[in-house]
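**Q**
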Amino acid sequence: MKYTLGAALILQSSVALGELLHVHLKAPTTAHFRDIVRNDTYDFGCRPVAHSTDDGHFTLHALLTEDQISHLTKEYESVDEITIHRQMVKRAATAPIGTGDRFKAGTVSPVGLGTQASGTTISSIMNVAEVNSAFNALVKNYGVGSVTLPYKTFNGATSYAGFVGAGTDKSAYRLYFSAGVHARERGGPDQLLYWISDLLAADKAGTGLTYGKKTYTNTQVKSILAAGIVFFPLVNPDGVTYDQSSGSLWRKNRNTKSGSSGSSIGVDINRNFDFLWNFRKYFDASESPASTSPSSETFYGTAAASEAETKNHVSIYDTFSKVRWFMDIHSAAGDILYSWGDDDDQTTTPTQNFLNSAFDGKRGVTGDTVYKEYIPAADFTNIKNVAAKTVAAMKAVGGRSYTAGQSVGLYPTSGASDDYAFSRFWAKPGANKVYGYTMEFGYSTNFYPTLSEFNQNILDTNAGFMEWALAAIAVGLD
């Protein structure tokens, strides 16, 4: 069904980041957005998210060019149920990117907010060199284990993952966190590194941690460390380097194999994992869970796991073979997402599963009865309960609202890290079952936070990490 924008187009003062304008569309139901989100040339942030409003309507945030706004206006011109609103007031200056190296070549440890007095703030976002320096300081000063990952990025960067809490036996590690997949989603690597530093500092001092109105005991700190944490703080160093230098809201990596200029450069790493990657084969033709166009923000690459960043991410499951719980840190929406992302969940028909070729070409249409993705009932209960506890803790920090829900949302996704993690148990013989999650901190399409938002995001996510880990431990690590 199509609806129109034209008659009700609301033109307000706008602010552009590069050529992109922050806008939101408003409609009576989420169904009004379905045709719009299927257009893979539009940028809806990490993924399209519809938020309910006080008047019973829904909003969909996007980053669009003037040409795209004009195209939408012309394409939808017969009714007035959808309105488009540009950002009305200029936002405060975004949090600065750090200059130099505050961690002194890996000799000065990062200090998180959970171990400091209420009201303490961090002055800037880590630059790429500082992410590496902070990581090296944790290795040097706290004895964190380090793994050099096997694949160099397109621009030649070497990536590292850390492991801490469960000793030298890599099979003892159960929790896996990653950040920095999408380059423009500023603050994720910082949140992860500051949280690890908080855990280690509190463990050493025999104290607890405090994030806003949420507090955790030293016993809880020790139990999380004992579960064994693997952390990959910067998955996409090439993309982050470019985004920090250009301020261009860059999302993808910097691989030029499929395009050598402008938006045709790069692959969306979070559409490149080996889960229903070949979406034209697996999904209904009406759906666009990723894109085959190199110019799209969701370009899926040249093959499943074609990218060094994806291969590095996957390699951790082989190195730490008993990981049970996985969290990928993104922005900007304000939610916790769990599997599946390709279609609605169901617990009664095991034959409707992503490996069954009988359903190829039928997946992805949410709300229909043709196909829904099977998930065992016990798993469904577990992942929902952990997500609910996580968002409750994040809300409690300072009152910001977060929601929990299934990844499929407004539209399906393919090749995503969280679904790949969960799918391995069925797709890869001998693989451990991994419950996969995506945390999207911040506000919709607000990828460049203000300094106040940057600090609040650290508090919110760090409490979320704590609660997620404790809830996971309560469900079980084996």
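Quick note on numbering that gives the first Met the number 0: the sequence shown kicks off at 0 and runs consecutively.
Every residue gets a Cβ at the ideal spot worked out from N, C-alpha and C, and that includes glycine.
1. Could you give the C-beta distance for residue 457 and residue 193, rounded to a whole number, given that I count them as a contact under 8 Å?
2. Distance, Cα to Cα, residue 0 vs residue 258?
3. How should residue 425 be labelled, buried or exposed, when 16 other C-beta atoms within 10 angstroms of its C-beta is the threshold for buried?
4. Using a 10 Å radius around the Cβ and a threshold of 16 neighbouring Cβ atoms, would you call residue 408 buried or exposed?
5. Taking the alpha-carbon positions, what's the residue 95 to residue 306 distance?
6. Whose C-beta lies closer than 7 Å to the C-beta of residue 106 among residues of the same chain, with five residues either side of it excluded?
7. I'd like to check one pair, residue 148 with residue 159: are the Cβ atoms closer than 8 Å?
8. Please report how far the alpha carbon of residue 532 lies from the alpha carbon of residue 237, in whole angstroms.
9. Counting along the chain, where does the beta strand (DSSP E) carrying residue 85 start and finish?
10. Using only CA atoms, which one of 364, 63, 215 and 322 lies nearest to residue 278?
11. Can you tell me where the beta strand (DSSP E) with residue 506 in it begins and where it stops?
12. Should residue 406 go down as buried or exposed, given a rule of 16 or more other Cβ atoms within 10 Å for buried?
13. Between residue 182 and residue 435, what straight-line distance do the alpha-carbon atoms span, to the nearest angstrom?
14. Hey, how far is the Cα of residue 469 from the Cα of residue 52?
15. Could you pull the DSSP bridge partners for residue 330 from this structure?
16. Does the stretch 328–338 come into contact with the stretch 278–291, if we say contact requires no fewer than three beta-carbon pairs (one atom in each stretch) closer than 8 Å?
17. Look at the alpha carbon of residue 254 and the alpha carbon of residue 393, and state the distance between them as a whole number of angstroms.
18. Please classify residue 192: does DSSP put it in a helix, a strand, or coil?
19. If we ignore side chains and look at the alpha-carbon of each, how far apart do residue 411 and residue 270 end up?
20. Leaving aside the five residues before and after residue 242 along the sequence, list all residues of the same chain whose C-beta is less than 6 Å from its C-beta, in chain order.
21. Just the C-alpha distance for residue 342 and residue 221, rounded to the nearest angstrom, thanks.
22. Can you tell me the Cα-Cα spacing of residue 315 and residue 437, whole angstroms?
23. Between the stretch 122–133 and the stretch 199–214, do three or more beta carbon pairs fall short of 8 Å?
24. Rounded to whole angstroms, what is the Cα-Cα separation between residue 168 and residue 108?
25. Could you work out which residue in 172, 422, 265 and 38 is closest to residue 320 when comparing CA atoms only?
26. Beta-carbon within less than 8 Å of residue 333's beta-carbon, same chain only, minus the 5 sequence neighbours each way: which residues are those?
27. Using the rule of at least 16 other Cβ atoms within 10 Å of the residue's Cβ for burial, across every protein chain shown, is residue 188 buried or exposed?
28. Specify, as a first and last residue, the run of the beta strand (DSSP E) that residue 210 falls within.
29. Which of helix, strand or coil does DSSP assign to residue 15?
30. Comparing C-alpha positions only, which one of 178, 75 and 284 sits nearest to residue 26?
31. Give the secondary structure of residue 470 by DSSP, where H, G and I count as helix, E and B as strand, and everything else as coil.
32. Counting only runs of 3+ residues fully inside the stretch 294–344, write out the beta strand (DSSP E) ranges in chain order.
**A** In short:
1. Indeed they touch by this definition, with Cβ atoms about 6 Å apart.
2. Confidence is the limiting factor: at residue 0 the pLDDT is only 39, short of 50, which leaves the residue's position unreliable, though a coordinate-based value still follows. Near 34 Å, if we compare the C-alpha coordinates of residue 258 and residue 0.
3. The residue is exposed, with fewer than 16 neighbouring Cβ atoms inside 10 Å.
4. Buried.
5. Straight across, the Cα-Cα distance linking residue 95 with residue 306 is about 29 Å.
6. Taking residue 106 as the centre and dropping the five residues before and after it, the same chain places the C-beta of 136 and 139 closer than 7 Å to its C-beta, in chain order.
7. In this structure, residue 148 lies closer than 8 Å to residue 159 by Cβ.
8. With the chain running from 0 to 477 in the structure shown, residue 532 is simply not present.
9. Its beta strand (DSSP E) spans residues 82–85.
10. The candidate whose alpha carbon is nearest that of residue 278 is 364.
11. This structure cannot settle anything about residue 506, because the visible part of the chain is limited to 0 through 477.
12. Counting Cβ neighbours within 10 Å, residue 406 comes out buried, since at least 16 surround it.
13. Just so you know, the alpha carbons of residue 182 and residue 435 end up roughly 21 Å apart.
14. Roughly 32 Å between the two C-alpha positions.
15. Within the DSSP bridge table, the entry for residue 330 names 440 as partners.
16. Between the stretch 328–338 and the stretch 278–291, the count of C-beta pairs closer than 8 Å stays below three; the two stretches do not touch.
17. Spanning the two alpha carbons is a distance of roughly 36 Å.
18. Residue state, collapsed to three classes: helix.
19. Near 11 Å, if we compare the C-alpha coordinates of residue 270 and residue 411.
20. Here the set comprises 182, 183 and 249.
21. Take the alpha-carbon of residue 342 and the one of residue 221: they are about 38 Å apart.
22. Here the C-alpha atom of residue 315 lies approximately 17 Å from the C-alpha atom of residue 437.
23. The answer is no - the stretch 199–214 does not touch the stretch 122–133, with fewer than three Cβ pairs under 8 Å.
24. Approximately 25 Å between the Cα atoms of the pair.
25. Nearest Cα to residue 320 within the set 172, 422, 265 and 38: 172.
26. Same-chain partners within the cutoff: 399, 400, 401, 402, 439, 440, 441, 442 and 443.
27. Counting Cβ neighbours within 10 Å, residue 188 comes out buried, since at least 16 surround it.
28. 208–210 is the span of the beta strand (DSSP E), which, as asked, contains residue 210.
29. Bear in mind that the predicted position of residue 15 carries a pLDDT of just 37, short of 50, making it unreliable; the figure below should be weighed with that in mind. Assignment of residue 15 by DSSP, reduced to helix, strand and coil, places it in the strand class.
30. It is 75.
31. In the structure shown, the three-state DSSP call for residue 470 is helix.
32. Counting whole runs of 3 or more residues, the stretch 294–344 contains the beta strand (DSSP E) stretches 324–330 and 334–337.
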